[in-house]
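What follows is one structure encoded as structure tokens, with my remarks underneath.
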Amino acid sequence: MGPIGAAPAAAELQMRVLVARGFGGGCETAVAASPAWGAQDVLAHAPWHEAEASRSRVRVLFGAAELVGQTTLGDLGVADGDRLTLVATSLPPVVTRAMAGQVKLWSPSSGECLRVLRGHASSVYAATFSPEGSLVATASLDHTARLWSARSGECLWTLQGHGRAVQSVAFSPDGGRVATASTDGTAKVWSASKGECLRTLEGHAAGLSSAVFSPDGHAIATASADGTARIWSADAATCLHTLHGHRGSVTSPAFSPDSQALATASVDGTAKIWMVSSGECVRTLSGHSGFVKSVVFSPDGQAVATASGDGTAKIWSTSSGKCSCTLLDVSESFITSVQFSPDGRAVVTASTSGMARIWATDGGKCLQTLRVSSDAVDSAEFSPDGKTVVTAHRDGKARFWGVGMTGCWRTIDANDDGDVVYASFSHSE
Numbered sequence: 001m002g003p004i005g006a007a008p009a010a011a012e013l014q015m016r017v018l019v020a021r022g023f024g025g026g027c028e029t030a031v032a033a034s035p036a037w038g039a040q041d042v043l044a045h046a047p048w049h050e051a052e053a054s055r056s057r058v059r060v061l062f063g064a065a066e067l068v069g070q071t072t073l074g075d076l077g078v079a080d081g082d083r084l085t086l087v088a089t090s091l092p093p094v095v096t097r098a099m100a101g102q103v104k105l106w107s108p109s110s111g112e113c114l115r116v117l118r119g120h121a122s123s124v125y126a127a128t129f130s131p132e133g134s135l136v137a138t139a140s141l142d143h144t145a146r147l148w149s150a151r152s153g154e155c156l157w158t159l160q161g162h163g164r165a166v167q168s169v170a171f172s173p174d175g176g177r178v179a180t181a182s183t184d185g186t187a188k189v190w191s192a193s194k195g196e197c198l199r200t201l202e203g204h205a206a207g208l209s210s211a212v213f214s215p216d217g218h219a220i221a222t223a224s225a226d227g228t229a230r231i232w233s234a235d236a237a238t239c240l241h242t243l244h245g246h247r248g249s250v251t252s253p254a255f256s257p258d259s260q261a262l263a264t265a266s267v268d269g270t271a272k273i274w275m276v277s278s279g280e281c282v283r284t285l286s287g288h289s290g291f292v293k294s295v296v297f298s299p300d301g302q303a304v305a306t307a308s309g310d311g312t313a314k315i316w317s318t319s320s321g322k323c324s325c326t327l328l329d330v331s332e333s334f335i336t337s338v339q340f341s342p343d344g345r346a347v348v349t350a351s352t353s354g355m356a357r358i359w360a361t362d363g364g365k366c367l368q369t370l371r372v373s374s375d376a377v378d379s380a381e382f383s384p385d386g387k388t389v390v391t392a393h394r395d396g397k398a399r400f401w402g403v404g405m406t407g408c409w410r411t412i413d414a415n416d417d418g419d420v421v422y423a424s425f426s427h428s429e
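Note that UniProt numbering numbers the sequence shown so that position 71 is 71, with each residue one more than the last.
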């Protein structure tokens with residue numbers, strides 16, 4: 001399968017398949033296809049209006065088997081004359097956050113505001129869905145975090161106990177616990193079902209920027225302005241390792257998908273990779289000329305991406321520590337976020353230049369530029385199926401884009417006063 005949006009060469013089209021919309025077969029078209037095609041190639045040539053496809057999660061089925069990720073028609077055994085079925089479901093809800101404190105839930109498909117989460121007394125610094133999508137957690141300057149029902153918008157629990165602003169909030173993989181990080185220098189673990197503080201993680205010498213669970217749920221990583229990160233047991237208030245080595249505040253921690261490694265980003269311009277079991281630093285990723293805002297692992301754990309104040313994002317090999325490509329936005333801007341696509345074949349970056357871009361992870365080619373104004377873009381994120389990107393803009397709007405398609409297909413006025421700084425999909429199925 002070629003780059004996003006690229007059409008296969010005519011010589012590769014070796015068979016004809018029937019593509020039908022839905023199990024009723026209401027619209028069926030014969031399409032010249034290649035065994036090397038993936039789902040996006042099928043959708044690009046299917047009887048499906050591109051705007052309609054981008055607003056839905058479209059599944060490509062061959063019998064009971066689904067064409068997903070890097071799977072090809074050949075992998076599924078599709079032969080000349082076989083029939084594929086396209087089935088659409090609605091995109092999952094999106095949460096938007098404005099710095100002034102407005103948190104809203106939206107339907108991307110209709111553009112309708114589903115819920116407004118009111119209750120915090122000051123700015124909201126973080127908002128995230130629980131893994132199954134039934135809850136939303138928020139963190140605020142008002143020293144509290146809150147848990148909300150995504151269905152009703154009701155505040156279920158106010159998590160009180162921090163002495164200063166709560167900078168981040170994260171759910172455990174099973175959704176049963178919540179971790180908060182505060183500028184009071186502590187992290188706390190809470191019961192998501194009862195709102196009770198289960199334990200407090202103390203030991204940092206300065207405020208925390210983030211606390212995250214490992215994918216297996218056994219560990220928590222914290223990042224601090226004291227220049228260290230720490231790895232804690234998620235089941236006890238025990239610090240397993242203190243990670244020394246950065247020469248400035250640690251801005252972001254991220255676990256590898258297998259929970260065996262931790263990546264950290266720092267204002268010292270580097271990222272580092274550590275072994276969770278020993279706390280040993282095994283890689284230092286040097287090359288940025290400005291602070292590193294965030295770091296994230298690829299879905300297969302073979303690469304990490306970093307976002308920097310030097311106007312670039314970089315992709316690094318986790319095995320060698322070498323930079324495989326540099327993604328340059330524009331001079332005098334900085335990259336506000338970076339995220340891999342679910343299949344790991346692309347990354348999306350957001351920038352203060354007013355642009356978000358989609359890049360190929362192999363080679364760093366810019367595949368798509370997402371821009372409608374000069375207002376800074378504070379976040380950009382793929383939908384769970386990788387077919388849509390949502391961007392958050394300083395002009396008070398969130399926008400939805402079809403991957404490999406032209407233009408923004410929906411704009412929502414998420415904050416009339418401007419400054420939408422975050423937009424994220426629910427990852428529930």
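For each residue, glycine too, the CB sits at the ideal point set by N, CA and C.
Just how far apart, CA to CA, sit residue 275 and residue 353?
Here residue 275 corresponds to residue number 275 of the sequence shown, with the count starting at 1. Here residue 353 corresponds to residue number 353 of the sequence shown, with the count starting at 1. Near 36 angstroms, if we compare the C-alpha coordinates of residue 353 and residue 275.
Would you identify the three-state DSSP class for residue 41, choosing helix, strand or coil?
The residue labelled residue 41 in the question sits at position 41 within the sequence shown. Here residue 41 sits in helix by DSSP.
I need the straight-line Cα distance from residue 90 to residue 109, nearest angstrom please.
Reading the sequence shown from its first residue, position 90 is the one you call residue 90. Reading the sequence shown from its first residue, position 109 is the one you call residue 109. If I take the Cα positions, the gap works out to 6 angstroms.
CB residue 76 to CB residue 33, shorter than 8 angstroms?
Within the sequence shown, the letter at position 76 stands for residue 76. Within the sequence shown, the letter at position 33 stands for residue 33. No, the Cβ-Cβ distance between residue 76 and residue 33 is not below 8 angstroms.
Is residue 194 buried or exposed, if buried means 16 or more other CB atoms sit within 10 Å of its CB?
As a first step, residue 194 must be located in the sequence shown, where it is residue number 194. So residue 194 ends up on the exposed side.
Tell me the DSSP secondary structure of residue 128 in three-state form.
In the sequence shown, the residue the question calls residue 128 occupies position 128. Looking at residue 128 - three-state DSSP - the assignment turns out to be strand.
Determine the direct distance from the alpha carbon of residue 301 to that of residue 127, and round the result to whole angstroms.
On the sequence shown, position 127 is the one that residue 127 refers to. On the sequence shown, position 301 is the one that residue 301 refers to. Residue 127 and residue 301: Cα-Cα distance of roughly 25 angstroms.
As an exercise, report each continuous beta strand (DSSP E) stretch of at least 3 residues that is fully enclosed by the region 374-400, in chain order.
Runs found: 377-382 and 388-393.
Within the continuous beta strand (DSSP E) that includes residue 253, where are the two ends?
Numbered from its first residue, the sequence shown carries residue 253 at position 253. Start and end: 250-255.
If you draw a straight line from the C-alpha of residue 199 to the C-alpha of residue 176, how long is it?
As a first step, residue 199 is located in the sequence shown; it is residue number 199 there, counting from the start. As a first step, residue 176 is located in the sequence shown; it is residue number 176 there, counting from the start. In a straight line, the C-alpha of residue 199 is about 14 angstroms away from that of residue 176.
Measure the alpha-carbon distance for residue 4 versus residue 265 and round it to whole angstroms.
Taking the sequence shown and counting its residues from 1, the one referred to as residue 4 is at position 4. Taking the sequence shown and counting its residues from 1, the one referred to as residue 265 is at position 265. Its pLDDT being 43, under 50, residue 4 is placed unreliably in this model, and the value from its coordinates should be taken loosely. So the two alpha carbons sit approximately 29 angstroms from each other.
Taking DSSP as the reference, what is the three-state secondary structure of residue 174?
The count along the sequence shown starts at 1 and reaches residue 174 at position 174. Reduced to three states, the DSSP call for residue 174 is coil.
DSSP state of residue 288, grouped into three classes?
As a position in the sequence shown, residue 288 is number 288, starting the count at 1. Residue 288: coil per DSSP, three-state reduction.
Please work out which residues of its chain come closer than 8 angstroms, Cβ to Cβ, to residue 347, disregarding the five sequence neighbours upstream and downstream, and give them in chain order.
Residue 347 sits at position 347 when you count from the first residue of the sequence shown. 305, 313, 315, 327, 338, 339, 340, 341, 358, 359 and 361, listed in sequence order.
Just tell me which of 103, 136, 130 and 132 has its CA closest to the CA of residue 124.
The residue you call residue 124 lines up with position 124 of the sequence shown. Ranking 103, 136, 130 and 132 by Cα distance to residue 124 puts 103 first.
Can you tell me whether residue 381 is buried or exposed, with buried defined as 16 or more other CB within 10 angstroms of its CB?
Start at 1 with the first residue of the sequence shown, and residue 381 comes out as number 381. The residue in question, residue 381, is buried, as its Cβ has 16 or more Cβ neighbours within 10 Å.
Within a Cβ cutoff of 8 angstroms, which residues of the same chain sit near residue 414, ignoring the five residues on either side of it in sequence?
Residue mapping note: residue 414 aligns to position 414 of the sequence shown, counting from 1. Closer than 8 angstroms at Cβ, skipping near neighbours: 96, 98, 102, 104, 106, 392, 396, 397, 398, 420 and 423.
Ends of the beta strand (DSSP E) at residue 188?
Locating residue 188 in the sequence shown gives position 188, where the first residue counts as 1. Segment 187-191, the beta strand (DSSP E) holding residue 188.
Who pairs with residue 241 in a beta bridge, going by DSSP?
Here residue 241 corresponds to residue number 241 of the sequence shown, with the count starting at 1. Bridge partners of residue 241: 231.
Would you mind working out which of 236, 269, 254 and 147 sits nearest residue 248, comparing C-alpha positions?
In the sequence shown, counting from the first residue as 1, residue 248 sits at position 248. Of 236, 269, 254 and 147, the residue nearest in Cα terms is 269.
To the nearest angstrom, how far is it from the Cα of residue 1 to the Cα of residue 389?
Locating residue 1 in the sequence shown gives position 1, where the first residue counts as 1. Locating residue 389 in the sequence shown gives position 389, where the first residue counts as 1. With a pLDDT of 35 at residue 1, under the threshold of 50, the modelled position of that residue is not reliable, and the figure given next carries that caveat. About 20 angstroms.
Smallest Cα separation from residue 365: which of 93, 345 and 375?
Along the sequence shown, read from residue 1 onward, the residue named residue 365 stands at position 365. Minimum Cα distance to residue 365 is reached at 345.
My assumption, with CB atoms under 8 angstroms, is that residue 402 sits in contact with residue 409. Please give the rounded CB distance.
Walking along the sequence shown from the start, residue 402 turns up at place 402. Walking along the sequence shown from the start, residue 409 turns up at place 409. Right, the Cβ-Cβ distance comes to about 6 angstroms (below 8 angstroms), so this counts as a contact.
Have a look at residue 191 and residue 197 and give me their C-alpha separation to the nearest angstrom.
Position 191 of the sequence shown, counted from the start, is the residue given in the question as residue 191. Position 197 of the sequence shown, counted from the start, is the residue given in the question as residue 197. Straight-line Cα distance between these residues: approximately 6 angstroms.
Buried or exposed: which applies to residue 27, given that a residue is buried once 16 or more other Cβ atoms fall within 10 Å of its Cβ?
For the purposes of this step, residue 27 is identified with residue 27 of the sequence shown, where counting begins at 1. It counts as exposed.
I'd like to confirm the pairing. Which residues does DSSP put opposite residue 61 in its beta bridges?
By 1-based counting over the sequence shown, the position of residue 61 is 61. DSSP lists 66 and 85 as partners of residue 61.
Skipping 5 residues on each side, what residues in its chain have a beta carbon closer than 8 angstroms to that of residue 133?
Sequence index remark: in the sequence shown, residue 133 carries index 133 (1-based). Only 92, 93, 150, 426, 427 and 428 meet the Cβ criterion.
Considering only the beta carbon of each residue, do residue 308 and residue 279 sit closer than 8 angstroms?
For the purposes of this step, residue 308 is identified with residue 308 of the sequence shown, where counting begins at 1. For the purposes of this step, residue 279 is identified with residue 279 of the sequence shown, where counting begins at 1. No, they are not a contact pair.
Contact check, residue 231 vs residue 201 under 8 angstroms by CB: the rounded distance?
Within the sequence shown, the letter at position 231 stands for residue 231. Within the sequence shown, the letter at position 201 stands for residue 201. Contact flag wrong, Cβ pair sits at about 10 angstroms.
Give every residue of the same chain whose Cβ lies closer than 6 angstroms to the Cβ of residue 51, excluding the five residues on either side of it in the sequence, and list them in chain order.
On the sequence shown, position 51 is the one that residue 51 refers to. For residue 51, the predicted model reports a pLDDT of 49, less than 50, meaning its position is unreliable; a value from the coordinates is still stated below. So the list reads 409, once near-sequence residues are dropped.
Do residue 229 and residue 243 count as a contact pair if the criterion is CB distance below 8 angstroms?
In the sequence shown, counting from the first residue as 1, residue 243 sits at position 243. In the sequence shown, counting from the first residue as 1, residue 229 sits at position 229. It is a contact, given that the beta carbons lie within the stated cut-off.
Determine the contact status of residue 135 and residue 147, defining contact as a CB-CB distance below 8 angstroms.
Numbered from its first residue, the sequence shown carries residue 135 at position 135. Numbered from its first residue, the sequence shown carries residue 147 at position 147. Yes, these two residues count as a Cβ contact at 8 angstroms.
Considering just the uninterrupted stretch of the beta strand (DSSP E) at residue 28, what are its terminal residues?
Sequence index remark: in the sequence shown, residue 28 carries index 28 (1-based). 28-33 is the extent of the beta strand (DSSP E) around residue 28.
Suppose the cutoff is 8 angstroms on Cβ atoms and the five residues either side in sequence are ignored; what does the same chain contact list for residue 238 look like?
The residue you call residue 238 lines up with position 238 of the sequence shown. Excluding sequence neighbours, residue 238 sits near 232.
Is the distance from the Cβ of residue 170 to the Cβ of residue 213 below 8 angstroms?
On the sequence shown, position 170 is the one that residue 170 refers to. On the sequence shown, position 213 is the one that residue 213 refers to. For residue 170 and residue 213, yes; Cβs fall inside 8 angstroms.
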